[in-house]
Structure formats: C-alpha cells, structure tokens
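So the number in my numbering is just where the residue sits in the sequence shown, counting from 1, plus 22.
In this text, a Cβ means the ideal position worked out from N, Cα and C, and glycines have one as well.
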Amino acid sequence: MFIGGKEKKGKTSGFFIEPAIVTDVNLSMRVAKEEIFGPVAAIIKFKTEDEAVNIANSVDVGLAAYVFSQDISQIWRVAERLQTGMVGLNEGIISSVEAPFGGIKQSGFGREGSKYGMDDYVNMKYVCLGGLKGLDRDSQ
C-alpha cells in the first residue's frame with residue numbers, strides 16, 4: 023500500500039512531494055534496498071529484535087538508522103549492532119553542525135561536519151626526540 027507521495031502543485035510544482043508511507047514492504051523491493059533522500063517511510067514487519075537488526079543490516083547502504091523504544095537497554099543494544107554511520111535514538115532529526123555526518127558501506131567513507139570533518143584531509147605525524155645529552159632548556 024502506498025499513502026501520500028503526491029507532487030505539490032502551484033508555485034513550487036516540481037520541487038516538493040508529500041511525505042509517503044509504503045507498507046507491506048519486503049526485502050526484494052527497491053524501496054527496501056536503496057537510500058531514498060526524500061520523505062518516504064518504508065514499513066517492514068518484524069517479530070524479534072534480532073530479525074529487525076538483521077533486516078536493517080542486510081542492505082548495502084548504511085547512512086542512518088532510527089530506533090524508537092521505551093526500553094533504554096534495548097535502545098543501546100540495537101544501536102550498537104546497527105551497521106550505519108549515524109543512529110537516532112527516539113529522535114528523527116539527528117543532523118546538526120556539531121555532529122559528524124556520514125555513513126558506511128555504499129553510503130560513503132569518512133565524515134563531514136564537526137571537528138571530525140577535517141580528519142580525512144589531515145595526515146597526523148608523531149615525532150619523538152630523544153638521545154640528546156647536555157641539552158639544557160635554561161641555557162638556550
């Protein structure tokens with residue numbers, strides 16, 4: 023079943039679509055396997071926590087995942103097992119300037135934003151100097 027997803031008409035025609043919900047999704051469907059950068063929720067039924075994690079990790083992409091639960095132990099347990107670069111815990115909007123943004127698998131390599139965004143452009147070098155006898159800091 024597909025609900026919503028209609029194009030907005032008027033001055034913004036062609037730029038916006040309504041949010042969409044797709045139900046009865048299975049893993050063979052494109053909507054279950056690809057990253058969709060739009061307001062689409064693909065609903066896949068599961069019976070156990072393990073099944074939910076296995077479904078989420080079965081795809082080749084891993085930008086973000088979202089966990090909603092009132093059980094804090096379950097939230098952390100599932101978040102640790104998800105193969106994604108970002109996880110929202112009881113939160114749908116997880117991107118901010120302070121947060122490193124990026125995924126794993128086919129969703130990309132590295133991070134942008136935050137102090138970690140520069141790490142891909144920096145080569146760190148550690149230099150250790152020793153073995154100099156008679157070097158006195160006060161005599162310099």
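{"query": "Applying the 10 Å Cβ sphere with the 16-neighbour rule, what's the burial state of valine 144?", "result": "exposed"}
{"query": "Given a threshold of 16 other Cβ atoms within 10 Å of its Cβ, counted over all protein chains shown, does threonine 45 qualify as buried or as exposed?", "result": "exposed"}
{"query": "With distances taken between CB atoms, is the gap from glycine 125 to glutamate 134 smaller than 8 Å?", "result": "no"}
{"query": "Looking only at its chain, what residues have a beta carbon closer than 7 Å to the beta carbon of glycine 139, apart from the 5 residues adjacent to it on each side?", "result": "Pro122, Arg133"}
{"query": "CA-CA distance, glycine 153 and lysine 147?", "result": "20 Å"}
{"query": "Would glycine 26 and isoleucine 43 be called neighbours here (beta carbons separated by less than 8 Å)?", "result": "yes"}
{"query": "Could you check what DSSP says for valine 81 in three-state terms: helix, strand or coil?", "result": "coil"}
{"query": "Roughly how many angstroms lie between the CA atoms of valine 75 and threonine 34, to the nearest whole one?", "result": "38 Å"}
{"query": "With H, G and I counted as helix, E and B as strand and the rest as coil, what does DSSP make of methionine 23?", "result": "coil"}
{"query": "Just the Cα atoms here: how many angstroms apart are valine 119 and glycine 156?", "result": "50 Å"}
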